[in-house]
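Residue numbering for the sequence shown follows the numbering used here, starting at 65 and increasing by one per position. Glycine included, each C-beta is placed from N, C-alpha and C at the ideal position. Heads up: the structure comes next, in structure tokens.
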Amino acid sequence: MTSIANILLVVLFVSCSNNIKEVKDFLAEKNLPIATAININLIYTDSGMVKTKLKAPLLYDYTNRTEHPYKEFANGLKITTFQANGDSIEIKSNFGKSYTRTNVSEIIGNVEIINFGSKTRLNTEQLYWDQKLHYFFTEKKVRIISEKDTTFGVGFEANEDLSKAIIRNTSGSLYIKEKENE
């Protein structure tokens with residue numbers, strides 16, 4: 065009886081001739097992810113130094129698509145990057161997509177970026193992050209809070225540590241240090 069079960073098992077495995085490409089194509093046609101991961105905790109290191117940490121409760125991997133492959137963080141994400149000078153930057157949101165070919169991520173819903181070194185915080189509803197150029201940008205409303213200033217705007221671009229930022233259509237309160245008379 066066990067030999068019959070073993071023969072059926074072998075026939076089952078031999079008859080399944082789908083190769084990996086066929087499975088990927090099938091999943092892509094049905095708009096299904098090629099993989100799903102739960103409770104991700106990814107740590108990226110370079111030369112023994114931690115550079116980036118990524119935490120997400122859920123990841124869908126759509127990199128099987130021929131056009132615009134991406135990874136989707138459907139239930140939010142938290143990314144912490146560590147700078148060479150010891151500062152860290154944290155990015156949080158409710159949703160995110162990372163496009164694998166372009167290295168551009170779309171971060172959506174209660175987006176918050178904190179630079180712990182400069183004590184600067186950015187809030188917006190949507191942000192794009194170009195990881196090749198180390199650059200953030202959005203056309204949505206933004207709020208930037210520093211130790212002395214609060215600035216609002218519509219449209220924003222900045223480098224990753226928020227030290228060089230352009231805010232369009234600005235309003236808010238700015239601290240201006242007056243020069244001492246000589």
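Asked                                                                                                                                : Found
Count Cβ pairs between the stretch 198-216 and the stretch 135-142 that sit closer than 8 Å; are there 3 or more?                    : no
Here's the rule: buried if 16 or more other CB atoms are within 10 angstroms of the residue's CB, otherwise exposed. What is Ser162? : buried
For the beta strand (DSSP E) containing Asp110, name the first residue and the last one.                                             : Ala99 to Asp110
Could you tell me which of Phe201, Gln190 and Thr166 sits nearest to Lys156, measuring between CA atoms?                             : Gln190
What are the start and end residues of the beta strand (DSSP E) that includes Thr144?                                                : Leu141 to Phe146
To the nearest angstrom, how far is it from the Cα of Lys196 to the Cα of Glu242?                                                    : 39 Å
Quick one: grab the DSSP three-state call for Asn174.                                                                                : strand
In whole angstroms, give me the CA-to-CA distance for Phe200 and Ala222.                                                             : 5 Å
Could you give the DSSP three-state label for Thr116: helix, strand or coil?                                                         : strand
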